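Under this note's numbering, the letters of the sequence shown match residues 44 to 285, in that order. Glycine residues also receive a C-beta, built at the ideal position from the N, C-alpha and C atoms. Remember, predicted model here, so these are calculated numbers, not experimental data. What follows is a single structure, written as structure tokens, with notes after it.
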Amino acid sequence: MLLFLLVFITLPLLSESDGISLDKASNDLSNQASLQNGAKIFMNYCFGCHSTQYQRYERVANDIGIPFELMEEHLIFNSEAKLGDLIKNAIPEDLSAKWFGISPPDLTLVARVRGIDWLYTYLRSFYSDPSRQFGVNNVVFPNVSMPHVLEELQGITKPIYKTMIVDGKKVEVIVGVQSDGTGELNEEEYDQAVLDLVNFLEYSSDPIKLERRVIGWWVMAFLVLFTIVVVLLKKEYWRDVH
44 MLLFLLVFIT LPLLSESDGI SLDKASNDLS NQASLQNGAK IFMNYCFGCH
94 STQYQRYERV ANDIGIPFEL MEEHLIFNSE AKLGDLIKNA IPEDLSAKWF
144 GISPPDLTLV ARVRGIDWLY TYLRSFYSDP SRQFGVNNVV FPNVSMPHVL
194 EELQGITKPI YKTMIVDGKK VEVIVGVQSD GTGELNEEEY DQAVLDLVNF
244 LEYSSDPIKL ERRVIGWWVM AFLVLFTIVV VLLKKEYWRD VH
């Protein structure tokens, strides 16, 4: 499989005001099947260029429910890597910088930096553009400097144009993409695959998010009970004083 993905350096943070409507990524970090599929997609399509070097294989396997033997057999591609190692790829930085113009960044924290809605929309917005180095462009990130590595899943895509009035003039604006249907997945399946990948990247950016939420509820419950005890104690104390 093709093993390139996501040169996010110098990407602008986009919002509705930038003229791009971001699609909602309805992630579910408690869905281990989604996280496992996202990890598989990441390792097969992204890991050739990008690392998540602040994670370890063993921790990921534990967190998202992958047996160690399956992790070693299917998701650790470096024959010298061990379960306890950090998830680093083997691409030399000088070569990657030569190929892409800049070394592809680590993606451990990309979901925090860009946001899950941005990632979800971006990965579904590549379209064919023969004028570009890798033959593709992107609606969310114009003049993107990377190939569409998920093309075999989505198929070849063409831009969808819409006529809009800008400064009193009619202009053709790209508002979306349409697959030619040659991909391995249909539109719904591809959207789900991208959602799984984004779900995994969100997990990577904050592995203890769910645990922290649970702890937060326990802390709030303790504070409520503690406040009740303190109020009752205060009343009892001042009753004796007066």
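### Message
Do Y88 and V18 have their beta-carbon atoms positioned less than 8 Å apart in this structure?
### Response
Within the shown structure, residues of the chain are numbered from 44 to 285, placing residue 18 beyond reach of any answer.
### Task
Determine which residues share a DSSP beta bridge with Y170 and list them.
N180
### Message
Nearest by alpha-carbon distance to I199: which of S247, N180, P250 is it?
### Response
It is N180.
### Close Cβ partners of E232 (< 7 Å) along its chain, the five nearest in sequence each way excluded
none
#### Entry: Segment contact, 8 Å Cβ cut-off, at least three pairs: the region 154-168 with the region 130-138
no
### Query
If you draw a straight line from the alpha carbon of S73 to that of L253, how long is it in whole angstroms?
8 Å
### Query
Nearest CA to the CA of L244: which residue from N121, I159, L118?
I159
### Message
Between the alpha carbons of A154 and K278, how many angstroms are there, rounded?
### Response
49 Å
### Task
Just the C-alpha distance for I251 and I208, rounded to the nearest angstrom, thanks.
47 Å
### Task
Check the C-beta distance from D66 over to Y204 and give it rounded, since I have them as a contact under 8 Å.
Actually they do not touch by this definition, with Cβ atoms about 19 Å apart.
### Message
Classify E194: buried if its beta carbon has 16 or more other beta carbons within 10 angstroms, exposed otherwise.
### Response
buried
### Message
Just verifying my parser: in three-state terms, what is the DSSP assignment at E227?
### Response
coil
### Message
Rounding to the nearest angstrom, what Cα-Cα distance links V187 and S174 in this structure?
### Response
Just so you know, the alpha carbons of V187 and S174 end up roughly 12 Å apart.
### Task
Would you decide whether R157 is buried or exposed? Buried here means 16 or more other CB atoms lie within 10 Å of its CB.
By the C-beta density criterion, R157 is buried, having at least 16 other C-beta atoms within 10 angstroms.
### Message
Let's see if you can read the secondary structure: which residues bound the beta strand (DSSP E) around V286?
### Response
With the chain represented from 44 up to 285, any question about residue 286 goes unanswered, as that position is not in the structure.
### Query
Near F47, what residues of its chain come up, given a Cβ to Cβ distance below 6 Å and the 5 sequence neighbours on each side ignored?
The predicted position of F47 is uncertain, since its pLDDT is 37 and thus under 50; a value taken from the coordinates is nonetheless stated next. Take F47, set aside five residues on each side of it, and the residues of its chain with a beta-carbon closer than 6 Å to its own are G91, C92, P190, V192, in chain order.
### Query
Is it true that the CB of D239 sits closer than 8 Å to the CB of N80?
yes
#### Entry: Inter-residue spacing [alpha-carbon to alpha-carbon] between F85 and M114
13 Å
### Query
Does the beta-carbon distance from V182 to V214 come in below 8 Å?
Judged by beta-carbon spacing, V214 lies beyond the 8 Å limit of V182, meaning their Cβ atoms are not closer than that value.
### Query
Does the Cβ of W161 have 16 or more other Cβ atoms within 10 Å, making it buried, or fewer, making it exposed?
buried
#### Entry: Buried versus exposed, by CB contacts within 10 Å (16 or more), A264
exposed
### Query
Can you tell me whether DSSP reads R155 as helix, strand or coil?
DSSP places R155 in helix when its eight states are reduced to three.
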